[in-house]
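Engineer: The structure under discussion is supplied below as structure tokens; questions concerning it will follow.
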Amino acid sequence: MDVESVISNVGSAVDIVGVAVIVVGAAVASWIALSTIRSRPGASVYTPYRRNLGRSILLGLEFLVAADIIKTVAVTPTFESVGVLALIVLIRTFLSWSLQLEISGRWPWQERADRGREGADDPVG
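Using this note's numbering, you'd call the opening residue of the sequence shown number 1 and step up by one each time.
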């Protein structure tokens with residue numbers, strides 16, 4: 001087994017992990033929403049459901065981008081494949097930023113409102 005096929009297999013495995021993260025995350029977000037509906041009828045589940053679903057999609061997209069980088073740059077580093085990779089990463093980055101905006105209500109580079117204060121208590125952010 002040569003290095004190229006090993007790297008290709010690693011890229012495919014990371015692809016599978018990315019898809020699995022999205023599917024499992026969607027299932028878990030749905031389970032949490034259904035459990036909330038059953039345990040607390042009338043409780044608002046839309047916003048938390050969207051937030052949980054968005055988080056799983058974001059994490060899955062990160063794995064998918066990593067897999068594309070592994071498979072494109074490490075296996076077939078031609079100008080055409082690198083250009084396609086750049087386009088894929090650009091599109092997925094835009095999707096990630098859009099999802100981040102939907103989840104948190106701010107762009108990834110914007111500070112949280114409470115972090116701008118001196119001596120904010122939340123060290124994690």
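Just so it is clear, CB atoms sit at the ideal spot from N, CA and C, and this is done for glycine as well.
Using C-beta distances below 8 Å, list every residue in its chain close to S56, excluding the 5 sequence neighbours before and after it, in chain order.
Structural biologist: If we look at S56 and ignore the five residues flanking it on each side, its Cβ neighbours are V21, I22, V24, G25, A26, V28, A29.
Engineer: Do the stretch 3-15 and the stretch 31-39 make contact, defined as three or more Cβ pairs closer than 8 Å?
Structural biologist: No contact exists between the stretch 3-15 and the stretch 31-39.
Engineer: Quick check: what's the CA-CA separation for S96 versus F63?
Structural biologist: Between S96 and F63, the C-alpha separation is close to 12 Å.
Engineer: Quick check: what's the CA-CA separation for I88 versus V65?
Structural biologist: Spanning the two alpha carbons is a distance of roughly 8 Å.
Engineer: Looking at T93 and S81, is the spacing between their C-beta atoms short of 7 Å?
Structural biologist: Cβ atoms of S81 and T93: not closer than 7 Å.
Engineer: Determine the direct distance from the alpha carbon of S44 to that of I91, and round the result to whole angstroms.
Structural biologist: Cα to Cα, I91 sits roughly 32 Å from S44.
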